[in-house]
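Position 138 of the sequence shown, counted from 1, bears residue number 138 in UniProt numbering, the numbering being contiguous throughout.
Each residue gets a CB set at the ideal place from its N, CA and C atoms; glycine is no exception.
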Amino acid sequence: MTAGGPTVGTPATAEGGAKSGSTEDAASTPDSAETGPGPIATADATKAEGVAGAGAAGSPPASGRRRRIPFAHAVRVPPPRQLAVGAARATRAWSRRPSGRTTLPGLFLLALVAATAAAGALLVPATVRRTQPVAVDVTATVAVSGVPEGGSTPGGPGLPGGPGLPGATDLPGGPVVTGTPLPGGVQPTGPVVGPGTGRPADALAAWATQVHAKTQIPVVALQAYGYAERVLEQTHRSCQLSWTTLAAIGYVESAHGGFRSTLGPNGVAEPEIVGPPLDGKGGTSRILDTDQGRLDHDTVYDRALGPMQFIPSTWQLVGADADNDGVRNPHDIDDAALAAGNYLCQGGRNMSIPGDWWGAILSYNDVRRYAQDIFEKANEYGRLSRT
């Protein structure tokens, strides 16, 4: 019975063999226990546990149970700062090599060219879109692409150039009148009217009276503006300056000589109109004295003078004697109006061309709002005088 019957130790041996075999299998295949959490590894672990459980029901689990390590093979990304430092070190090391010393300057130049091209693509079109006449004011409501409307043509007996009329031979280009002496013996140059014939602008009395009723410009001032236009027709034939532009300047600069002053019948403003010192304060230009105070009575700075507000240095260049009194007087509206015309027409300007008109006004006073005011007032005078 003993030889043919089963032994008591056999199941234990078999169970022990199964456990031993499982342990050995796990030990001999470490990859299967330490791999990532894939479905194959999970299935193998489940099968092994199932076999062990079937062979030894109720037995405690084996001490060699495999453990899952999550993300064992995941890619580890270093911190951004570490990446930047590493890239900088690698670039520096590469730049010291022959290939780096050759390539790196080329890359830098390429980046510079690309940046320049990009900036040009943005800035150039924007600059082109902003291009506009310098005299345009963004707040202006009146178109400034043209020139002011011309006024009624000054007419009457005794105007310059009229055959057999008083003053016909006394156009600019006649004898030069010395006038007030200036520093250093420098005498002003510019057209003058010959002496001995009285005030030629008086011939425009009838025309000036009619236009005064429409524009409220003083008759004496209108005579001066109209006479200057007629003289300039002879001395600057291509200029085509209208009296309305001169009248607009006279209005903006001194209210036609009426700013704290009064025009006499002879066209002289009394008391004299003298502007503040041009010392660079309050938005003015800084212009040191150029006439030793002979005209503006200031030996430190220059000051603007008269109904058309000339500074002494400019008056020396373009001052005129338009009333035949033998003196170029910036406080005389006859002389000042003709001098202003000489100044605006210089350089071959054609005042019927928008670019020349705006350029001339801005050369008189380089302020956009000022030029716009002159344009609007000249337009107004031209329109009113023709109604």
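field: Y227 - containing alpha helix (DSSP H), residue span
entry: V219 to T235 is the span of the alpha helix (DSSP H), which, as asked, contains Y227.
Bridge partner(s) assigned by DSSP for V274: Here V274 is bridged, per DSSP, to L305.
- prompt: What is the rounded straight-line gap between the Cα of T103 and the Cα of A93?
  reply: One alpha carbon belongs to T103, the other to A93, and they sit about 13 Å apart.
- prompt: Who pairs with R286 in a beta bridge, going by DSSP?
  reply: R286 is bridged by DSSP to D279.
task: Return the residue from the list T209, S285 and L305 that minimises the CA-CA distance to D366.
output: It is S285 whose Cα lies nearest to the Cα of D366.
field: Delimiting residues of the alpha helix (DSSP H) encompassing G359
entry: Run containing G359: P354 to Y364, per the alpha helix (DSSP H) assignment.
- prompt: Terminal residues of the continuous alpha helix (DSSP H) containing R92?
  reply: Element bounds for R92: P80 to S95.
DSSP three-state assignment for A206, whether helix, strand or coil: In this structure, DSSP gives A206 a helical state, which the three-state scheme calls helix.
field: Classification of K377 by the beta-carbon crowding that lies within 10 angstroms, buried from 16 upward
entry: Buried, because 16 or more other Cβ atoms sit within 10 Å of the Cβ of K377.
query: What does DSSP give as the partner residues of D332 in its beta bridges?
result: Listed as beta-bridge partners of D332 by DSSP are V268.
message: Below 8 Å, how does it come out for the region 333-350 and the region 250-258: are there three or more Cβ pairs, yes or no?
response: Contact between the region 333-350 and the region 250-258 is present, with at least three C-beta pairs closer than 8 Å.
- request: Could you spell out where the alpha helix (DSSP H) holding D373 opens and where it closes?
  value: Start and end: R368 to S385.
- prompt: Who pairs with residue 393 in a beta bridge, going by DSSP?
  reply: Residue 393 falls outside the range modelled here, since the chain spans only 1 to 387, and no answer is possible.
query: For A360, which residues of its own chain have a beta-carbon under 6 Å away from its beta-carbon, when the five flanking residues on both sides are left out?
result: Shown here for A360: same chain residues with a beta carbon closer than 6 Å to its own, the five before and five after excluded, namely L344 and R349 in chain order.
message: Using 8 Å for Cβ pairs, my map puts G267 next to D356. What's the rounded Cβ distance?
response: About 28 Å separates the two Cβ atoms, so there is no contact after all.
task: Under the assumption that Y227 contacts P200 (Cβ atoms under 8 Å), give the Cβ distance between them as a whole number of angstroms.
output: That pair is a contact at about 6 Å.
task: Drop a sphere of 10 angstroms on the beta-carbon of V128, count the other beta-carbons inside from all chains shown, and report buried for 16 or more, exposed for fewer.
output: Interpretation of V128 is limited by its pLDDT of 38, a score under 50 that renders its predicted location unreliable; no figure is taken from the coordinates.
query: Using the C-alpha atoms, what's the distance from G146 back to R260?
result: Taking the straight line joining both Cα atoms gives about 34 Å.
- prompt: Do you know how far the Cα of P277 is from the Cα of D298?
  reply: Each residue's alpha carbon lies about 8 Å from the other.
- prompt: Which of helix, strand or coil does DSSP assign to F108?
  reply: Residue state, collapsed to three classes: helix.
- prompt: With C-beta atoms as the reference, is G341 less than 8 Å away from R328?
  reply: No; because the gap between Cβ atoms is not below 8 Å, this pair is not in contact.
task: Could you check the C-alpha separation between Q346 and T387 for me, to the nearest Å?
output: Distance between the alpha carbons of Q346 and T387 is about 32 Å.
- prompt: Does DSSP classify G185 as helix, strand or coil?
  reply: Per-residue confidence for G185 stands at a pLDDT of 28, beneath the threshold of 50, marking its modelled position as unreliable; no derived number is given.
field: Contact under 8 Å by Cβ, V211 with S385
entry: Less than 8 Å divides the Cβ of V211 from the Cβ of S385.
message: Strictly by DSSP, which residues pair up with L263?
response: According to DSSP, which records beta bridges pairwise, L263 is partnered with A269.
task: Leaving aside the five residues before and after S352 along the sequence, list all residues of the same chain whose C-beta is less than 8 Å from its C-beta, in chain order.
output: Same-chain partners within the cutoff: V147 and Q240.
Contacting residues, own chain, Cβ-Cβ under 6 Å from Y225 (five flanking each side not counted): Result list for Y225: W243, L246, A247 and A337, in chain order.
task: Specify, as a first and last residue, the run of the alpha helix (DSSP H) that Q240 falls within.
output: Membership of Q240 in any alpha helix (DSSP H) is not indicated, and neither H nor E is assigned to it by DSSP.
message: Is the beta carbon of A304 closer than 8 Å to that of G275?
response: Between G275 and A304, the C-beta gap is smaller than 8 Å, which places the two residues in contact.
task: Would you kindly work out how many angstroms separate the C-alpha atoms of Q316 and A322, rounded to a whole number?
output: Between Q316 and A322, the C-alpha separation is close to 15 Å.
message: So, for I287: in the same chain, excluding its five sequence neighbours on each side, which residues have a beta-carbon less than 8 Å away from its beta-carbon?
response: Closer than 8 Å at Cβ, skipping near neighbours: L278, Y301, D302, I311 and S313.
- request: Would you give the residue range spanned by the alpha helix (DSSP H) that L295 belongs to?
  value: For L295, there is no enclosing alpha helix (DSSP H), since its DSSP letter is neither H nor E.
- prompt: Once you ignore the five residues that flank P78 on each side, which residues in its own chain have a CB closer than 8 Å to its CB?
  reply: For P78, where only same-chain residues beyond five positions count, the Cβ hits under 8 Å are G86.
- prompt: alpha helix (DSSP H) containing V318: first to last residue?
  reply: For V318, the enclosing alpha helix (DSSP H) begins and ends at P312 to V318.
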